[in-house]
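In UniProt numbering, the protein residues as written are 1 to 283.
Cβ coordinates follow ideal geometry from the N, Cα and C atoms, glycine included.
Only one structure is covered here, and it is reproduced in the block below.
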Amino acid sequence: MNPTATALRAGVRRGVIELRQSLTNGADLWNHAFWPVLMLVVTYFLRDVSFGRTGFTVGALALPGILGMNAAMAMVTMSQLLTADREDGTLLRAKATPNGMLGYLVGKIVHVSGGLVVDLAIFLVPGLFLVPGLVTGSPDAWLTLAWVLALGMVAALPVGAVLGSVFSSARAQGLLMLPILGMIAISGIFYPVTALPGWVQWVAQVFPVYWLGLGMRSALLPDAAAAVEIGESWRHLETVGVLTAWAVLGLVLAPIVLRRMARRESGSSVARRREKSLQRAGM
Numbered sequence: 001m002n003p004t005a006t007a008l009r010a011g012v013r014r015g016v017i018e019l020r021q022s023l024t025n026g027a028d029l030w031n032h033a034f035w036p037v038l039m040l041v042v043t044y045f046l047r048d049v050s051f052g053r054t055g056f057t058v059g060a061l062a063l064p065g066i067l068g069m070n071a072a073m074a075m076v077t078m079s080q081l082l083t084a085d086r087e088d089g090t091l092l093r094a095k096a097t098p099n100g101m102l103g104y105l106v107g108k109i110v111h112v113s114g115g116l117v118v119d120l121a122i123f124l125v126p127g128l129f130l131v132p133g134l135v136t137g138s139p140d141a142w143l144t145l146a147w148v149l150a151l152g153m154v155a156a157l158p159v160g161a162v163l164g165s166v167f168s169s170a171r172a173q174g175l176l177m178l179p180i181l182g183m184i185a186i187s188g189i190f191y192p193v194t195a196l197p198g199w200v201q202w203v204a205q206v207f208p209v210y211w212l213g214l215g216m217r218s219a220l221l222p223d224a225a226a227a228v229e230i231g232e233s234w235r236h237l238e239t240v241g242v243l244t245a246w247a248v249l250g251l252v253l254a255p256i257v258l259r260r261m262a263r264r265e266s267g268s269s270v271a272r273r274r275e276k277s278l279q280r281a282g283m
């Protein structure tokens, strides 16, 4: 039997088990529901706020952008899970089994992707009823939503794995949130990016959050809404190009960084991190 195929199947089973556990655990269920419900509340209060003289509401423009933002935030979830598993020795155990790192990574991708779909559904389904002006009756809309989400996850998850390999402790993950929040603030999620200065628009277009939001808006908003975007266009080709570039970058770097990180893992390094964690907790 092919060892790689065996590792892939084991990884998928592991991911499904972890996803099932997260959907039956009270604390994890709270984490799944809190952010989507909070964003629903924000979107609800924006549903009647007009954006200039465009005829569109800020709520309708923001809802697809929030979907894209949540998809991009999957890289943070991946990073946090990998760092936590590195700190408690889970990665060391994976390293000790044949093709264990491959199975581990596949499992995490299945777990995070499945959880992301659940989170997006919690936000999107009631949002379709709360926010007017969305286009949901066309098969093309759902097809666009699907390919943008799939490509976005391929772009985000490997980058998250790289970030999780860089941070050696869960506490250090706090350093990651500041640039992520800054990136979200300039990416036109809650307000069209064309309202921002030109140089900020250029910076926003470097990162995947903007393109995920743009792709989601192209799926759920009428064509006339493109008038508030850069170039008054949905720019699907550019969306595919930038997200593919991030996906290639992550897929090239992730295996290299993960292998190097795994080589540095040992029982003594796990013990040192655990001891530091207990000292911080005052135990």
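Residues of its chain near residue i, where Cβ-Cβ distance is below 6 Å and the 5 sequence neighbours each way are ignored
i, result
"residue 285", "The structure shown has nothing for residue 285, since the chain only spans 1 to 283."
"ALA219", "ALA141, THR144, LEU145"
"residue 292", "Because the chain in this structure spans residues 1 to 283, residue 292 falls outside the shown range and cannot be described."
"GLY15", "GLY107, VAL110, HIS111"
"GLY103", "ALA7, ALA10, GLY11"
"MET183", "PHE207, VAL209"
Reduced DSSP secondary structure (H/G/I, E/B, other) of residue i
i, result
"SER138", "coil"
"SER233", "coil"
"THR77", "helix"
"THR4", "helix"
"SER50", "strand"
"THR57", "strand"
"LEU124", "helix"
"LEU23", "coil"
"ALA245", "helix"
"THR97", "coil"
"GLY164", "helix"
"PRO64", "helix"
"GLY115", "helix"
"PRO132", "coil"
"GLY15", "helix"
"GLY152", "helix"
"GLY107", "helix"
"GLY250", "helix"
Reference residue i; option with closest CA among the options
i, options, result
"ILE66", "LEU92, PHE123, SER22", "PHE123"
"VAL78", "ILE109, GLY68, GLU18", "Note that residue 78 is Met in the sequence shown, not Val. Checked all of ILE109, GLY68, GLU18; the closest Cα to MET78 is ILE109."
"THR54", "GLY213, ALA224, VAL16", "ALA224"
"VAL131", "ARG9, LEU149, ASP48", "ASP48"
"LEU151", "SER218, ALA72, MET261", "ALA72"
"PRO98", "ASN2, MET39, VAL117, GLU18", "ASN2"
"residue 307", "ARG217, ARG86, GLY115", "Outside the modelled stretch of the chain, which goes from 1 to 283, sits residue 307, for which no answer is possible."
"ARG235", "GLY250, GLY213, PRO255, VAL37", "GLY213"
"GLY68", "LEU196, MET153, SER22", "MET153"
"GLY137", "GLY182, TRP211, LEU105, PRO222", "PRO222"
"ASN25", "PRO36, PHE51, GLY115", "GLY115"
"ARG13", "VAL118, LEU105, GLY174, VAL117", "LEU105"
"VAL228", "TYR191, ALA96, VAL41", "TYR191"
"PRO158", "ALA5, LEU251, SER50, GLY52", "LEU251"
"PRO255", "GLU232, GLY182, PRO139, VAL162", "VAL162"
"SER113", "GLY188, VAL37, LEU81", "LEU81"
"LEU23", "VAL118, ALA96, PHE51, PRO36", "VAL118"
"LEU46", "ILE189, LEU237, LEU253", "ILE189"
"VAL125", "ALA5, ASN31, VAL37", "VAL37"
Cβ separation of residue i and residue j, assumed to be a contact under 8 Å, to the nearest whole Å
i, j, result
"GLN201", "ILE180", "So it is not a contact: roughly 19 Å between Cβ atoms."
"MET39", "VAL148", "MET39 to VAL148, Cβ: 18 Å. No contact."
"GLY11", "ALA74", "So it is not a contact: roughly 17 Å between Cβ atoms."
"LEU128", "LEU120", "Not confirmed; about 12 Å, so no contact."
"ILE186", "LEU196", "6 Å"
"THR83", "PHE167", "5 Å"
"TRP211", "THR194", "No, TRP211 and THR194 are not in contact; Cβ-Cβ is about 15 Å, not under 8 Å."
Beta-carbon contacts of residue i that lie in its chain and below 7 Å, excluding the five residues immediately before and after
i, result
"VAL76", "GLY160, LEU176, ILE180"
"ALA33", "ILE122"
"VAL203", "ILE186"
"SER50", "THR57"
Residue i: CB within 6 Å of a non-hydrogen atom of the ligand ZN
i, result
"VAL125", "Of ligands this structure carries none, so the ligand ZN is not represented either."
Residues of its chain near residue i, where Cβ-Cβ distance is below 8 Å and the 5 sequence neighbours each way are ignored
i, result
"GLY100", "ALA7, ARG93, ALA94"
"THR43", "GLY59, ALA62, LEU63, ILE66, GLY127, LEU130, VAL131"
"SER233", "ALA226"
Below-7 Å beta-carbon distance, residue i vs any chain D residue
i, result
"MET261", "In the displayed structure, chain D is absent; only one protein chain is listed."
Unbroken stretches of the alpha helix (DSSP H), 4 residues or longer, contained in the region 175–238: 198–204, 208–220
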